[in-house]
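In my numbering, the protein residues as written are 733 to 878.
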Amino acid sequence: MSEIPEERILAVDFGLKRVGLALSDPLKIFAYPYMTIAYDNGFMNRLSVVVKENNVSKIILGYPLTSGGEKTPLSDEVMKLKTRIEDKIKVSVILRDERFTSEIAKQMVIESVTKKSRRRDKGLLDQNSAVVILQEYLDMSRKNIK
Numbered sequence: 733m734s735e736i737p738e739e740r741i742l743a744v745d746f747g748l749k750r751v752g753l754a755l756s757d758p759l760k761i762f763a764y765p766y767m768t769i770a771y772d773n774g775f776m777n778r779l780s781v782v783v784k785e786n787n788v789s790k791i792i793l794g795y796p797l798t799s800g801g802e803k804t805p806l807s808d809e810v811m812k813l814k815t816r817i818e819d820k821i822k823v824s825v826i827l828r829d830e831r832f833t834s835e836i837a838k839q840m841v842i843e844s845v846t847k848k849s850r851r852r853d854k855g856l857l858d859q860n861s862a863v864v865i866l867q868e869y870l871d872m873s874r875k876n877i878k
């Protein structure tokens, strides 16, 4: 009897050049950095592979807002991406406010990466921003279950 792989949740920190990805563990308790992929013509295909290979059940997509809660110029692009993912990859996409995630991610990188040259890797920052988005979602989900 073959075992059904456990589902995971994927977080996406969208950028016009790069997209940071983070995955949950199978128990959906912890988020960890996964990879950064280019936002280009092959993006949807690469994202689809990540979803299939990791048995992703839903995607948490960072939704950019100003500190006052207003939409940003990137907000409309994120909405278009949400629709594309749902139509092409057929997985549920949940929008999650990503205010202040970059600042939190910068601090995480400073605390966890000792080499200064590695800290300047923008892809690492994108992945850690996705971790913040996902970890906040996982924490809220657990609180709502209790």
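Beta carbons are placed, not taken as given, at the ideal position from N, Cα and C, and that holds for glycine.
Computed from a predicted model, the values in this text were never measured in an experiment.
Query, Result
"Provide the residue(s) that pair with Met-767 in DSSP beta bridges, ordered along the chain.", "Leu-753"
"Is it true that the CB of Ile-769 sits closer than 8 Å to the CB of Ile-792?", "no"
"Return the chain-ordered ranges of every alpha helix (DSSP H) run that is complete within the stretch 768 to 802 and spans a minimum of 4 residues.", "775 to 785"
"Please state whether DSSP places Arg-831 in a helix, a strand or coil.", "coil"
"Are Leu-742 and Val-810 touching if we call contact CB-CB under 8 Å?", "no"
"Report the residue from Lys-749, Lys-760, Arg-750 whose alpha carbon sits nearest the alpha carbon of Arg-740.", "Lys-760"
"Among residues of its own chain, excluding the 5 on either side of Asp-829, which ones have a beta-carbon nearer than 7 Å to its beta-carbon?", "Tyr-795, Leu-797"
"What does the Cβ neighbour count give for Phe-762, buried or exposed, with the cut at 16 atoms within 10 Å?", "exposed"
"Which residue from Asn-773, Ser-873, Pro-737, Leu-779 puts its Cα closest to that of Tyr-766?", "Leu-779"
"Does the beta-carbon distance from Ser-873 to Asp-745 come in below 8 Å?", "no"
"Can you pull the DSSP bridge partners for Val-825?", "Ile-791"
"Using a Cβ-Cβ cutoff of less than 8 Å, which residues in the same chain neighbour Val-823 once the five nearest sequence positions on both sides are dropped?", "Val-783, Val-788, Ser-789, Lys-790, Ile-791, Ile-817"
"Ends of the alpha helix (DSSP H) at Leu-742?", "From DSSP, Leu-742 is part of no alpha helix (DSSP H) but of the beta strand (DSSP E) over 740 to 745."
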